[in-house]
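Using full-length UniProt numbering, the letters of the sequence shown correspond one by one to residues 1 to 420. All residues carry an ideal CB built from backbone N, CA and C; glycine is no exception.
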Amino acid sequence: MTAVPAPKEKPLSPNYRWLILGMLIVIGYLNQFDRQTVSVLKTTIKAAFEIDDSGYALLVNAFTACYAIAYIGSGWVVDRIGPRKALALFVAGWSLVTVGCGMAHALWLMVILRGLLGFAEPGLFPVTMRVSTVWAPDKNRGVFMAFATIGTSIGSITAVPIIAWLTIHFHWRLSFVVPGVIGIVLAWMWWRWYREPKAQAQGAPATPAEAAPVAKPAALPWTTLWRQRPLWGVILVRLISDPVWYFCLFWMPGYLQESKHVSIGMLGVIGWIPFLCATIGGLAFTALSDYRAKLAGLRGRKFLVMATAVLGPLCWLIPHTSVMPTIVLFCVVAVLCNAWLGSIAPIIAQVFPVGNVASVYGIAGAFGATGAIVFNWLIGQAATLWGMDTLFIVMGCLHPCAALVMAFFIRSGDMIKTSR
(Lines of atoms letter the chains of each structure in order from A and count residues from 1; the text may use other names and numbers.)
(Lines give C-alpha, C1' and ligand atoms only; values in the text may rest on other atoms or scores of the structure.)
Protein backbone atom coordinates (compact mmCIF):
# COMPACT_ATOMS: atom_id res chain seq x y z
CA MET A 1 0.00 0.00 0.00
CA THR A 2 1.47 3.37 -1.03
CA ALA A 3 1.70 5.93 1.71
CA VAL A 4 -0.03 9.20 0.98
CA PRO A 5 2.34 12.10 1.60
CA ALA A 6 1.13 14.69 4.06
CA PRO A 7 0.15 17.95 2.39
CA LYS A 8 2.68 20.74 2.74
CA GLU A 9 1.68 23.66 4.88
CA LYS A 10 1.62 27.08 3.29
CA PRO A 11 4.83 29.00 4.12
CA LEU A 12 4.43 31.94 6.42
CA SER A 13 4.33 35.47 5.07
CA PRO A 14 7.60 37.44 4.88
CA ASN A 15 5.92 39.80 7.36
CA TYR A 16 6.27 37.09 10.00
CA ARG A 17 9.27 38.90 11.47
CA TRP A 18 6.97 41.75 12.49
CA LEU A 19 4.78 39.32 14.44
CA ILE A 20 7.92 38.18 16.27
CA LEU A 21 8.93 41.79 16.88
CA GLY A 22 5.45 42.57 18.21
CA MET A 23 5.55 39.65 20.65
CA LEU A 24 8.99 40.69 21.88
CA ILE A 25 7.70 44.22 22.49
CA VAL A 26 4.72 43.02 24.55
CA ILE A 27 6.79 40.49 26.49
CA GLY A 28 9.42 43.15 27.16
CA TYR A 29 6.67 45.45 28.42
CA LEU A 30 5.58 42.91 31.02
CA ASN A 31 9.18 42.13 31.94
CA GLN A 32 9.82 45.74 32.89
CA PHE A 33 6.39 46.29 34.45
CA ASP A 34 6.82 43.30 36.77
CA ARG A 35 10.32 44.42 37.71
CA GLN A 36 9.38 47.99 38.49
CA THR A 37 6.30 47.33 40.61
CA VAL A 38 8.26 47.17 43.85
CA SER A 39 10.07 50.47 43.21
CA VAL A 40 6.85 52.36 42.48
CA LEU A 41 5.23 50.83 45.58
CA LYS A 42 8.27 51.38 47.81
CA THR A 43 6.52 53.47 50.47
CA THR A 44 3.36 51.32 50.29
CA ILE A 45 5.28 48.05 50.68
CA LYS A 46 7.40 49.48 53.51
CA ALA A 47 4.19 50.29 55.36
CA ALA A 48 2.48 46.97 54.53
CA PHE A 49 5.43 44.84 55.71
CA GLU A 50 6.58 47.29 58.42
CA ILE A 51 10.14 47.60 57.09
CA ASP A 52 12.67 50.41 56.65
CA ASP A 53 15.10 51.17 53.83
CA SER A 54 17.31 48.25 54.79
CA GLY A 55 14.35 45.90 54.34
CA TYR A 56 13.58 47.47 50.98
CA ALA A 57 17.24 47.13 49.97
CA LEU A 58 16.94 43.42 50.84
CA LEU A 59 14.07 43.11 48.35
CA VAL A 60 16.06 44.91 45.67
CA ASN A 61 19.24 42.91 46.24
CA ALA A 62 17.39 39.59 46.36
CA PHE A 63 16.18 40.33 42.86
CA THR A 64 19.44 41.81 41.62
CA ALA A 65 21.72 39.08 42.99
CA CYS A 66 19.63 36.30 41.44
CA TYR A 67 19.38 38.38 38.27
CA ALA A 68 23.17 38.59 38.05
CA ILE A 69 23.61 34.85 38.59
CA ALA A 70 20.91 33.90 36.11
CA TYR A 71 22.07 36.31 33.40
CA ILE A 72 25.11 34.16 32.61
CA GLY A 73 23.14 30.93 32.67
CA SER A 74 20.23 32.33 30.69
CA GLY A 75 22.45 33.22 27.74
CA TRP A 76 23.86 29.69 27.76
CA VAL A 77 20.33 28.24 27.92
CA VAL A 78 19.23 30.30 24.92
CA ASP A 79 22.21 29.18 22.86
CA ARG A 80 21.59 25.56 23.90
CA ILE A 81 17.82 25.05 23.56
CA GLY A 82 16.96 27.95 21.27
CA PRO A 83 14.87 31.08 21.77
CA ARG A 84 11.46 29.41 21.37
CA LYS A 85 11.68 27.03 24.30
CA ALA A 86 13.82 29.33 26.41
CA LEU A 87 11.61 32.41 26.29
CA ALA A 88 8.43 30.40 26.88
CA LEU A 89 9.97 28.98 30.06
CA PHE A 90 11.30 32.35 31.20
CA VAL A 91 8.01 34.22 30.69
CA ALA A 92 5.89 31.51 32.31
CA GLY A 93 8.28 31.41 35.27
CA TRP A 94 8.41 35.12 35.99
CA SER A 95 4.64 35.50 35.49
CA LEU A 96 3.81 32.79 38.05
CA VAL A 97 6.22 34.37 40.51
CA THR A 98 4.68 37.81 39.96
CA VAL A 99 1.23 36.46 40.79
CA GLY A 100 2.77 35.00 43.94
CA CYS A 101 4.19 38.42 44.92
CA GLY A 102 0.66 39.80 44.87
CA MET A 103 -0.40 37.13 47.37
CA ALA A 104 2.60 37.32 49.74
CA HIS A 105 1.90 38.46 53.31
CA ALA A 106 5.36 38.16 54.83
CA LEU A 107 8.64 39.87 53.99
CA TRP A 108 10.61 36.60 53.84
CA LEU A 109 8.20 35.21 51.24
CA MET A 110 8.35 38.38 49.17
CA VAL A 111 12.16 38.26 49.28
CA ILE A 112 12.15 34.65 48.02
CA LEU A 113 9.68 35.45 45.25
CA ARG A 114 11.63 38.51 44.12
CA GLY A 115 14.72 36.35 44.01
CA LEU A 116 12.92 33.84 41.80
CA LEU A 117 11.80 36.72 39.60
CA GLY A 118 15.45 37.66 39.26
CA PHE A 119 16.27 34.14 38.08
CA ALA A 120 13.59 34.23 35.35
CA GLU A 121 13.65 37.78 33.97
CA PRO A 122 17.14 38.19 32.44
CA GLY A 123 16.48 35.46 29.88
CA LEU A 124 14.46 37.89 27.77
CA PHE A 125 17.52 39.87 26.71
CA PRO A 126 19.72 37.03 25.39
CA VAL A 127 16.65 35.80 23.51
CA THR A 128 16.14 39.25 22.02
CA MET A 129 19.81 39.37 21.02
CA ARG A 130 19.62 35.95 19.36
CA VAL A 131 16.31 36.64 17.58
CA SER A 132 17.48 40.07 16.37
CA THR A 133 20.77 38.64 15.13
CA VAL A 134 19.11 35.96 12.98
CA TRP A 135 16.14 38.03 11.81
CA ALA A 136 17.48 41.56 11.23
CA PRO A 137 19.82 42.56 8.37
CA ASP A 138 23.19 43.95 9.46
CA LYS A 139 22.51 47.48 8.27
CA ASN A 140 19.34 47.83 10.38
CA ARG A 141 20.19 45.57 13.29
CA GLY A 142 20.60 48.34 15.84
CA VAL A 143 17.17 49.79 15.07
CA PHE A 144 15.57 46.31 15.06
CA MET A 145 17.12 45.60 18.48
CA ALA A 146 15.96 48.99 19.75
CA PHE A 147 12.39 48.27 18.68
CA ALA A 148 12.61 44.72 20.06
CA THR A 149 13.48 46.15 23.47
CA ILE A 150 11.18 49.17 23.29
CA GLY A 151 8.59 47.23 25.27
CA THR A 152 10.79 47.45 28.35
CA SER A 153 10.96 51.22 27.92
CA ILE A 154 7.19 51.47 27.48
CA GLY A 155 6.82 49.35 30.59
CA SER A 156 8.98 51.83 32.50
CA ILE A 157 6.87 54.73 31.21
CA THR A 158 3.43 53.30 31.93
CA ALA A 159 4.20 51.27 35.05
CA VAL A 160 4.34 54.36 37.25
CA PRO A 161 0.88 55.82 36.42
CA ILE A 162 -0.83 52.41 36.10
CA ILE A 163 0.50 51.12 39.42
CA ALA A 164 -0.34 54.41 41.12
CA TRP A 165 -3.88 54.26 39.69
CA LEU A 166 -4.41 50.64 40.77
CA THR A 167 -3.13 51.44 44.25
CA ILE A 168 -5.33 54.49 44.70
CA HIS A 169 -8.55 53.04 43.20
CA PHE A 170 -8.29 49.29 43.94
CA HIS A 171 -5.43 47.57 45.79
CA TRP A 172 -1.68 47.51 45.36
CA ARG A 173 -1.66 43.70 45.10
CA LEU A 174 -3.47 43.86 41.75
CA SER A 175 -0.33 45.49 40.32
CA PHE A 176 1.29 42.07 40.64
CA VAL A 177 -1.59 39.73 39.86
CA VAL A 178 -2.94 41.29 36.64
CA PRO A 179 0.33 41.41 34.64
CA GLY A 180 1.26 37.96 35.96
CA VAL A 181 -1.87 36.38 34.49
CA ILE A 182 -1.32 38.16 31.16
CA GLY A 183 2.26 36.89 31.07
CA ILE A 184 1.18 33.26 31.35
CA VAL A 185 -0.95 33.71 28.22
CA LEU A 186 1.94 35.36 26.37
CA ALA A 187 4.28 32.48 27.25
CA TRP A 188 1.91 30.09 25.48
CA MET A 189 1.64 32.40 22.45
CA TRP A 190 5.43 32.54 22.04
CA TRP A 191 5.70 28.76 22.36
CA ARG A 192 2.99 28.34 19.74
CA TRP A 193 4.13 30.81 17.10
CA TYR A 194 7.89 31.40 17.17
CA ARG A 195 10.23 29.67 14.72
CA GLU A 196 13.65 30.35 13.21
CA PRO A 197 13.90 32.09 9.79
CA LYS A 198 15.61 29.21 7.97
CA ALA A 199 12.76 26.90 8.83
CA GLN A 200 10.31 29.42 7.42
CA ALA A 201 12.24 29.85 4.20
CA GLN A 202 12.08 26.12 3.60
CA GLY A 203 8.32 26.07 3.96
CA ALA A 204 8.21 24.73 7.50
CA PRO A 205 4.87 23.68 8.96
CA ALA A 206 2.72 26.20 10.75
CA THR A 207 3.18 24.54 14.14
CA PRO A 208 6.59 25.42 15.62
CA ALA A 209 6.91 22.03 17.30
CA GLU A 210 6.85 20.40 13.85
CA ALA A 211 9.35 22.78 12.25
CA ALA A 212 12.51 21.35 10.69
CA PRO A 213 15.68 21.81 12.77
CA VAL A 214 17.95 24.71 11.92
CA ALA A 215 21.71 24.32 11.57
CA LYS A 216 23.49 25.40 14.75
CA PRO A 217 25.21 28.78 14.28
CA ALA A 218 29.00 28.95 14.43
CA ALA A 219 30.30 29.69 17.91
CA LEU A 220 33.49 29.84 19.92
CA PRO A 221 33.92 27.23 22.66
CA TRP A 222 33.01 28.57 26.10
CA THR A 223 36.62 28.47 27.36
CA THR A 224 37.90 30.28 24.27
CA LEU A 225 35.22 32.92 24.58
CA TRP A 226 36.45 33.98 28.02
CA ARG A 227 39.93 34.65 26.62
CA GLN A 228 38.71 37.31 24.21
CA ARG A 229 39.68 40.89 25.07
CA PRO A 230 36.42 42.42 23.72
CA LEU A 231 34.42 40.17 26.06
CA TRP A 232 36.17 41.73 29.05
CA GLY A 233 35.58 45.14 27.56
CA VAL A 234 31.84 44.53 27.35
CA ILE A 235 31.83 43.05 30.87
CA LEU A 236 33.63 46.03 32.42
CA VAL A 237 31.53 48.58 30.53
CA ARG A 238 28.32 47.04 31.85
CA LEU A 239 29.76 46.55 35.35
CA ILE A 240 30.64 50.24 35.58
CA SER A 241 27.73 51.91 33.77
CA ASP A 242 24.68 49.74 34.56
CA PRO A 243 24.30 50.87 38.22
CA VAL A 244 23.10 54.29 37.05
CA TRP A 245 20.19 52.70 35.16
CA TYR A 246 19.40 50.42 38.11
CA PHE A 247 19.17 53.50 40.30
CA CYS A 248 16.62 54.99 37.91
CA LEU A 249 14.59 51.78 37.96
CA PHE A 250 14.63 50.87 41.65
CA TRP A 251 15.47 54.01 43.62
CA MET A 252 14.38 57.05 41.64
CA PRO A 253 10.61 56.75 42.41
CA GLY A 254 11.35 56.37 46.13
CA TYR A 255 13.92 59.16 46.01
CA LEU A 256 11.34 61.51 44.54
CA GLN A 257 8.80 60.57 47.24
CA GLU A 258 11.15 60.68 50.23
CA SER A 259 13.73 63.35 49.32
CA LYS A 260 11.66 65.62 47.07
CA HIS A 261 8.35 64.99 48.93
CA VAL A 262 6.37 63.84 45.89
CA SER A 263 3.10 62.02 46.70
CA ILE A 264 2.23 58.74 44.97
CA GLY A 265 -0.52 60.56 43.06
CA MET A 266 1.93 63.18 41.80
CA LEU A 267 4.47 60.43 41.12
CA GLY A 268 1.92 58.93 38.72
CA VAL A 269 1.80 62.29 36.93
CA ILE A 270 5.52 63.03 36.59
CA GLY A 271 7.39 59.82 37.46
CA TRP A 272 7.06 58.35 33.98
CA ILE A 273 8.60 61.32 32.13
CA PRO A 274 12.28 60.24 32.44
CA PHE A 275 11.40 56.81 31.05
CA LEU A 276 9.55 58.35 28.10
CA CYS A 277 12.60 60.47 27.33
CA ALA A 278 14.79 57.38 27.67
CA THR A 279 12.66 55.54 25.11
CA ILE A 280 12.58 58.34 22.53
CA GLY A 281 16.19 59.30 23.07
CA GLY A 282 17.34 55.68 22.97
CA LEU A 283 15.58 55.02 19.66
CA ALA A 284 16.96 58.21 18.12
CA PHE A 285 20.44 57.38 19.33
CA THR A 286 20.43 53.81 17.99
CA ALA A 287 19.23 55.08 14.60
CA LEU A 288 22.11 57.57 14.59
CA SER A 289 24.45 54.80 15.76
CA ASP A 290 23.38 52.59 12.82
CA TYR A 291 24.00 55.49 10.46
CA ARG A 292 27.47 56.02 11.89
CA ALA A 293 28.16 52.28 11.63
CA LYS A 294 27.34 52.38 7.90
CA LEU A 295 29.89 55.15 7.41
CA ALA A 296 32.67 54.04 9.75
CA GLY A 297 31.80 50.53 10.95
CA LEU A 298 32.45 49.58 14.56
CA ARG A 299 34.63 52.65 15.07
CA GLY A 300 31.78 55.01 14.21
CA ARG A 301 29.35 53.28 16.53
CA LYS A 302 31.82 53.04 19.41
CA PHE A 303 33.01 56.64 19.41
CA LEU A 304 29.46 57.97 19.22
CA VAL A 305 28.60 56.04 22.39
CA MET A 306 31.74 57.21 24.15
CA ALA A 307 30.99 60.86 23.34
CA THR A 308 27.71 60.77 25.30
CA ALA A 309 29.62 60.03 28.53
CA VAL A 310 30.18 63.78 28.95
CA LEU A 311 26.54 63.98 30.14
CA GLY A 312 27.22 61.77 33.16
CA PRO A 313 28.44 64.52 35.53
CA LEU A 314 25.01 66.19 35.33
CA CYS A 315 24.11 63.75 38.12
CA TRP A 316 26.08 66.01 40.47
CA LEU A 317 23.31 68.63 40.25
CA ILE A 318 20.38 66.39 41.25
CA PRO A 319 20.57 66.80 45.07
CA HIS A 320 20.63 70.59 44.74
CA THR A 321 17.51 71.14 42.61
CA SER A 322 13.74 71.29 43.16
CA VAL A 323 11.29 68.72 41.82
CA MET A 324 10.91 69.75 38.16
CA PRO A 325 14.63 70.46 37.50
CA THR A 326 15.32 67.09 39.12
CA ILE A 327 12.93 65.43 36.67
CA VAL A 328 14.71 67.17 33.77
CA LEU A 329 18.09 65.95 35.00
CA PHE A 330 16.78 62.41 35.44
CA CYS A 331 15.49 62.62 31.85
CA VAL A 332 19.00 63.36 30.58
CA VAL A 333 20.50 60.59 32.72
CA ALA A 334 17.88 58.09 31.55
CA VAL A 335 18.56 58.92 27.89
CA LEU A 336 22.28 58.46 28.52
CA CYS A 337 21.69 55.05 30.10
CA ASN A 338 19.36 53.87 27.34
CA ALA A 339 21.77 55.05 24.65
CA TRP A 340 24.53 52.93 26.17
CA LEU A 341 22.36 49.88 26.75
CA GLY A 342 20.94 50.09 23.23
CA SER A 343 24.36 50.45 21.62
CA ILE A 344 26.17 47.65 23.44
CA ALA A 345 23.88 45.05 21.83
CA PRO A 346 24.76 45.84 18.17
CA ILE A 347 28.43 46.17 19.16
CA ILE A 348 28.27 42.61 20.52
CA ALA A 349 26.55 41.46 17.32
CA GLN A 350 29.29 43.07 15.21
CA VAL A 351 32.21 41.64 17.17
CA PHE A 352 31.15 38.11 18.20
CA PRO A 353 29.97 35.03 16.24
CA VAL A 354 26.19 34.53 16.00
CA GLY A 355 26.33 31.44 18.20
CA ASN A 356 27.87 33.43 21.04
CA VAL A 357 25.88 36.66 21.04
CA ALA A 358 23.26 35.47 23.55
CA SER A 359 25.93 34.14 25.89
CA VAL A 360 28.02 37.32 25.65
CA TYR A 361 24.99 39.50 26.30
CA GLY A 362 24.03 37.30 29.23
CA ILE A 363 27.53 37.45 30.72
CA ALA A 364 27.68 41.23 30.33
CA GLY A 365 24.24 41.65 31.88
CA ALA A 366 25.26 39.51 34.84
CA PHE A 367 28.23 41.74 35.57
CA GLY A 368 26.05 44.82 35.09
CA ALA A 369 23.68 43.49 37.75
CA THR A 370 26.67 42.72 39.98
CA GLY A 371 27.69 46.35 39.74
CA ALA A 372 24.15 47.29 40.75
CA ILE A 373 24.35 45.07 43.86
CA VAL A 374 27.46 46.91 45.00
CA PHE A 375 25.79 50.22 44.23
CA ASN A 376 22.71 49.23 46.27
CA TRP A 377 25.01 48.70 49.24
CA LEU A 378 26.58 52.10 48.57
CA ILE A 379 23.13 53.73 48.58
CA GLY A 380 22.44 52.36 52.05
CA GLN A 381 25.81 53.58 53.31
CA ALA A 382 25.48 56.98 51.66
CA ALA A 383 22.20 57.74 53.40
CA THR A 384 23.66 57.29 56.88
CA LEU A 385 27.41 57.94 56.60
CA TRP A 386 28.24 60.31 53.78
CA GLY A 387 24.97 61.83 52.58
CA MET A 388 23.23 61.43 49.24
CA ASP A 389 25.48 64.01 47.59
CA THR A 390 28.30 61.45 47.57
CA LEU A 391 26.07 58.94 45.80
CA PHE A 392 25.34 61.32 42.93
CA ILE A 393 29.01 62.30 42.64
CA VAL A 394 29.84 58.62 42.10
CA MET A 395 27.01 58.23 39.58
CA GLY A 396 28.32 61.16 37.58
CA CYS A 397 31.73 59.53 37.18
CA LEU A 398 30.60 56.07 36.05
CA HIS A 399 29.87 56.64 32.35
CA PRO A 400 33.11 58.60 31.72
CA CYS A 401 35.02 55.72 33.34
CA ALA A 402 33.13 53.20 31.19
CA ALA A 403 34.04 55.21 28.07
CA LEU A 404 37.74 54.89 28.89
CA VAL A 405 37.34 51.14 29.34
CA MET A 406 35.54 50.84 26.01
CA ALA A 407 38.33 52.76 24.23
CA PHE A 408 40.97 50.39 25.56
CA PHE A 409 39.28 46.97 25.38
CA ILE A 410 37.08 47.22 22.28
CA ARG A 411 39.20 48.16 19.27
CA SER A 412 37.79 49.41 15.98
CA GLY A 413 39.08 46.40 14.02
CA ASP A 414 37.79 43.74 16.42
CA MET A 415 35.73 41.01 14.79
CA ILE A 416 36.06 37.56 16.33
CA LYS A 417 35.72 34.63 13.95
CA THR A 418 35.40 30.90 14.54
CA SER A 419 37.46 28.24 12.81
CA ARG A 420 34.39 26.93 11.03
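- As for any alpha helix (DSSP H) of minimum length 4 sitting wholly inside the segment 147-179, the runs are 150-169, ordered along the chain.
- DSSP places SER263 outside any alpha helix (DSSP H), giving it a letter other than H or E.
- The beta carbon of GLN350 is closer than 6 Å to those of LEU298 in its chain, skipping five residues each way along the sequence.
- The closest CA to that of CYS101, considering only PHE49, ILE379, ILE264, ALA65, is found on PHE49.
- Shown here, GLY75 sits in a helix according to DSSP, grouped into three states.
- Unbroken alpha helix (DSSP H) runs of no fewer than 4 residues, entirely contained in the segment 317-382, are found at 323-351, 357-381, following chain order.
- Note on geometry: alpha-carbon atoms of VAL131 and GLY151 lie some 15 Å from one another.
- Taking a cut-off of 8 Å on C-beta distances, the segment 354-369 does not touch the segment 150-164, as fewer than three cross pairs fall below it.
- In summary, LEU385 is exposed, with fewer than 16 beta-carbon neighbours lying within 10 Å of its beta-carbon over all protein chains present.
- Here GLY265 is exposed, its C-beta having fewer than 16 other C-beta atoms within 10 Å.
- With contacts defined as CB atoms closer than 7 Å, ARG17 and TRP191 fail to qualify as a contacting pair.
- A direct Cα-Cα distance of roughly 8 Å separates ILE379 from MET388.
- Going by DSSP, LEU19 is part of the alpha helix (DSSP H) stretching over 16-40.
- Around LEU113, the same chain offers VAL97, GLY100, CYS101, ALA104 as residues with beta carbons nearer than 7 Å, after the five sequence neighbours per side are excluded.
- SER153 sits away from PRO122, with the two beta carbons spaced by 7 Å or more.
- Residue burial annotation: ASP52 is exposed, with fewer than 16 other C-beta atoms found within 10 angstroms of its C-beta.
- Between GLY55 and the set TRP108, PHE147, ILE20, the nearest pair of CA atoms involves TRP108.
- If you check the CB distance, SER95 and GLY183 come in under 7 Å.
- In this structure the segment 401-411 lies against the segment 233-242, because at least three pairs of beta carbons, one per stretch, are closer than 8 Å.
- Per the Cβ contact rule, the segment 299-306 is not in contact with the segment 319-329 (fewer than 3 Cβ pairs under 8 Å).
- Non-local beta-carbon contacts of CYS331 in its own chain, meaning distances under 7 Å to residues more than five positions away in sequence, involve ILE273, PRO274, CYS277 in chain order.
- Annotated three-state conformation of GLN257 is helix, per DSSP.
- In this structure, MET145 and PRO346 form a Cβ contact; the two beta carbons are roughly 6 Å apart against a cut-off of 8 Å.
- Rounded to the nearest whole angstrom, the CA to CA distance from GLY180 to LEU186 is 10 Å.
- Nearest C-alpha to TYR255 among ASP242, SER241, GLY271: GLY271.
- For TRP316, the CB contacts under 7 Å within the same chain, skipping 5 residues up- and downstream, are PHE392, ILE393, GLY396 in chain order.
- Taking 8 Å as the upper bound for CB-CB distance, TRP245 and LEU341 are in contact here, some 7 Å apart.
- Here GLY22 is exposed. Its C-beta has fewer than 16 other C-beta atoms within 10 Å.
- Secondary structure note for ALA309: it is in no alpha helix (DSSP H), with a DSSP letter that is neither H nor E.
- In the structure shown, PRO221 adopts coil according to DSSP, grouped into three states.
- By the Cβ-count criterion, THR37 is buried, with 16 or more other Cβ atoms from all chains shown falling within 10 Å of its own Cβ.
- One thing to note: ASP242 has its Cβ within 7 Å of the Cβ of ALA372.
- For CYS315, there is no enclosing alpha helix (DSSP H), as DSSP gives it neither H nor E.
- Counting the other CB atoms within 10 Å of its CB gives LYS294 a total below 16, which places it among the exposed residues.
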